[in-house]
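**Q**
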Amino acid sequence: MSYALKNDVAQTAGSDEEMDALHILPLRVLPFKNDKIGRARMIKNNQLTGVLEVYSSRETGSGQIPIDRLPEYYNIKNPLNDPDMQIVMKLGPLPSYDVYSLRRSLRGLGIAVNSHDALKLSDDMNRALAGYMKRFTVPLIREVYGEEDEAKFQRFDDLIGMFRDPDPKKALAKLKIMAEKLGIPLESIPKFLEDYGDIFLSLSYYQHCLDRLKPMLDGFVVGMSEMRTFQKVKSSPQMMAELDRLEKTINGLVTFLKRMFQDFAVRSRDMWEHLSAAKFRHVKEVIEGAQSTVGGVLCGLTVKMNAWNQRFPNPKVGGPSAREEFLMSEFKPGLASVVAVARGQGDLISLA
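Take the sequence shown: its position 177, counting from 1, is numbered 176 in numbering that gives the first Met the number 0, and each next residue is one higher.
1. May I have the straight-line CA-CA distance separating ALA339 from ILE64, to the nearest angstrom?
2. As a quick exercise: from ALA306, LEU200 and LYS89, pick the residue whose alpha carbon is nearest that of ALA127.
3. Got a sec, what are the start and stop residues for the beta strand (DSSP E) ILE42 sits in?
4. 9 Å is my cut-off, CB to CB: does ASN77 come that close to chain C?
5. Look at the alpha carbon of LEU242 and the alpha carbon of SER235, and state the distance between them as a whole number of angstroms.
6. Suppose the cutoff is 6 Å on Cβ atoms and the five residues either side in sequence are ignored; what does the same chain contact list for GLU142 look like?
7. Which of helix, strand or coil does DSSP assign to SER224?
8. Evaluate the contact criterion for the segment 34 to 54 versus the segment 74 to 92: three or more CB pairs, one atom per stretch, below 8 Å.
9. Going by DSSP, name the residue or residues bridged to PRO82.
10. Grab the span of the alpha helix (DSSP H) containing PRO319 for me, first residue to last.
11. GLY295 to PRO94, Cα distance in whole Å?
12. Excluding the 5 residues preceding and the 5 following ALA178 in the sequence, name in chain order all residues of the same chain whose CB lies nearer than 8 Å to its CB.
13. Quick one, are the C-beta atoms of GLN230 and ARG103 less than 9 Å apart?
14. Hey, quick one: how far does the beta strand (DSSP E) through PRO236 stretch, first residue to last?
15. In whole angstroms, what is the alpha-carbon distance linking VAL98 and LYS247?
16. Quick check on DSSP: helix, strand or coil for ASP75?
17. Would you call the segment 114 to 122 and the segment 218 to 226 in contact, with 3 or more CB pairs under 8 Å?
18. So the candidates are TYR72, LYS43 and ILE23; which of them puts its Cα closest to the Cα of ASN33?
19. Return yes when the Cβ of TYR131 is within less than 9 Å of the Cβ of LEU26, no when it is not.
20. Using C-beta distances below 8 Å, list every residue in its chain close to ASP194, excluding the 5 sequence neighbours before and after it, in chain order.
21. Within the present structure, is the beta-carbon of GLY317 separated from the nearest heavy atom of the ligand SAM by less than 8 Å?
22. Thinking C-alpha only, which one of LYS315, VAL316, ASN125 and THR301 is nearest GLN46?
23. For MET355 and LEU174, I'd like the C-alpha separation in whole angstroms.
24. Would you kindly check if the distance between the Cβ of MET239 and the Cβ of TRP307 is under 9 Å?
25. Measuring only the C-alpha atoms, how far is GLY343 from PHE255?
26. When we look at the beta-carbon of HIS390 and count the other beta-carbons within 10 Å, is it buried (16 or more) or exposed?
27. Rounded to the nearest angstrom, what separates PHE260 and SER55 at their Cα positions?
28. Locate the beta strand (DSSP E) running through TYR54, then write down its first and last residues.
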């Protein structure tokens, strides 16, 4: 059965959780003329190449079509002038498919989205990020309203909710206090809060993605250490050097992300001292400018760690030959592109 046919019978239904992933883009959110393409997903495969995934399940595995094979599978006669092919060819090289990177990338590429609300995290992910958002909600409350109100507002939704006070006079008074503190007109408060919540939700999301990687990163380091004990590996200076390079690359990328988050934290703390709309705009521009980089590095690390963890879930799985073959054919390919994404942010990373 061809991939194109299987697309009709085996494609899994899209879900909100797809929007929470770094490496998955459900194409239903984009204006494709070919419905079969629109029902597929763009994913980053283990080599970090953007491919079309037309079906995926535990039983069947993942049905992937390289971009250059799409004309064959979808009977596209003139791919260079086909509007769907033009979109897909632009999507393939993007370093990440997370919603925040995509907003910026799609805007820059001139690709429309079917709905303004399409590129949003799921409700489940928003709830999972509530603890992270507290770090950005509490300082805002403290700066604007003082410490006495701090305990009342533990979530960003609590902050939004206080402006829905059943007493209109109380709600207006709170709005006026915030407008005065920020130095902006009263009518600009809703937009400020929307931007504030969105930009720091993106930071919370990226931090959550990095935190979620830690167990797999630890497992990878253990796995690499075990490899060095195999006689076949120890007797090969080339392989020992390759293991060192791969581990140094992964460690360097993680260090890069941690430095980026530290920089964001410093800028945020500075913003909260004598908070103003102008200070927030500056921080917003810095964070938005880094979203594609942070998302790209996190996407690369996530795909690689997931691939390693699925192939070698415990120390008893895979001997030296299997691990060596996997590292060279599945793990190493594409890592250089992740390093290039990180280096594009400035002199914050040093890798072999």
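Glycine residues also receive a C-beta, built at the ideal position from the N, C-alpha and C atoms.
**A** In short:
1. Just so you know, the alpha carbons of ALA339 and ILE64 end up roughly 25 Å apart.
2. Cα-wise, what sits closest to ALA127 is LEU200.
3. From DSSP, the beta strand (DSSP E) with ILE42 extends over 40 to 43.
4. The structure shown has no chain C; it contains just one protein chain.
5. Rounded to whole angstroms, the separation of the alpha carbons of SER235 and LEU242 is 11 Å.
6. TRP271 and LEU274.
7. The answer is helix: DSSP assigns SER224 an H, G or I state.
8. With a cut-off of 8 Å, the segment 74 to 92 and the segment 34 to 54 count as touching, because enough Cβ pairs lie within range.
9. Its beta-bridge partners do not exist; DSSP assigns none.
10. For PRO319, the enclosing alpha helix (DSSP H) starts and ends at 319 to 325.
11. C-alpha separation (whole angstroms): 5 Å.
12. The answer, listed in chain order, is PRO184, LEU185, SER187 and ILE188.
13. The Cβ-Cβ distance between GLN230 and ARG103 does not fall below 9 Å.
14. Per DSSP, PRO236 is not a residue of any beta strand (DSSP E); the alpha helix (DSSP H) it occupies stretches across 236 to 271.
15. Distance between the alpha carbons of VAL98 and LYS247: 29 Å.
16. Residue 75 is actually Ile in this sequence, not Asp. ILE75 falls in the coil class under three-state DSSP.
17. The count of Cβ pairs closer than 8 Å, one atom from the segment 114 to 122 and one from the segment 218 to 226, stays below three, leaving the stretches out of contact.
18. Measuring from the Cα of ASN33, the nearest candidate turns out to be TYR72.
19. The answer is no: Cβ separation not under 9 Å.
20. Same-chain partners within the cutoff: PHE279 and LYS283.
21. The model on display carries no ligand, and the ligand SAM is accordingly not part of it.
22. Of the candidates LYS315, VAL316, ASN125 and THR301, the one whose C-alpha sits nearest the C-alpha of GLN46 is THR301.
23. Absent from the model: residue 355. The displayed extent of the chain is 0 to 351, so no value can be given.
24. In terms of Cβ geometry, TRP307 and MET239 do not form a close pair [threshold 9 Å].
25. Rounded to the nearest angstrom, the gap between the Cα atoms of GLY343 and PHE255 is 12 Å.
26. Outside the shown range of the chain, which is 0 to 351, sits residue 390, and nothing can be said about it.
27. Taking the straight line from one Cα to the other gives about 34 Å.
28. Residues 49 to 56.
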